[in-house]
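Numbering (the working numbering), first residue to last: 13 to 169.
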């Protein structure tokens with residue numbers, strides 16, 4: 013008897029679940045998103061090429077130096093003395109040791125660097141100016157390298 017009850021119950025559940033599944037209405041397919049952009053965007057309107065003059069300017073002088081057709085002159089490089097170049101070279105060599113010191117944090121390295129620059133008779137702005145100029149001026153870079161080579165040949169190092 014238990015066997016028949018179990019089979020009847022199982023048949024009921026199987027038949028009931030398939031019957032319920034047939035009553036569920038089908039859902040529509042999810043909507044497909046439209047493309048974001050289908051046309052090219054036209055370029056922005058360019059400003060007029062001639063500036064508006066609000067003051068009297070002589071005809072041989074351009075109205076606005078920024079819009080002048082002549083090539084801009086390069087920024088003049090500041091001439092550094094041999095003493096400044098030697099001080100920069102000495103400071104740069106000392107900075108290598110500071111950068112390699114793993115025991116110092118960034119603030120400690122900055123303080124050490126400022127002290128090194130001051131000990132060599134330079135202010136931070138001059139040190140920075142020499143370094144920046146050396147990147148753009150091969151002659152200045154060569155002078156710095158000569159100063160470094162001269163320091164390497166000095167006795168006592």
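Here a beta-carbon is modelled for each residue, glycine too, at the ideal position from N, C-alpha and C.
{"query": "Given 8 Å, three or more beta-carbon pairs between the region 145-157 and the region 107-125", "result": "no"}
{"query": "For residue 132, the nearest candidate out of 95, 116 and 118 (CA to CA)", "result": "95"}
{"query": "Residue 129 beta carbon less than 8 Å from that of residue 103", "result": "yes"}
{"query": "Which of helix, strand or coil DSSP assigns to residue 152", "result": "helix"}
{"query": "Proximity below 8 Å, CB of residue 100 to CB of residue 139", "result": "yes"}
{"query": "Where residue 119 falls, given that 16 or more other Cβ within 10 Å makes a residue buried", "result": "exposed"}
{"query": "Residues near residue 154 in its chain [Cβ-Cβ closer than 8 Å; skip 5 each side]", "result": "none"}
{"query": "DSSP-derived helix/strand/coil call for residue 19", "result": "helix"}
{"query": "Buried or exposed (CB count within 10 angstroms, at least 16 for buried), residue 142", "result": "buried"}
{"query": "Cβ separation of residue 116 and residue 124, assumed to be a contact under 8 Å, to the nearest whole Å", "result": "7 Å"}
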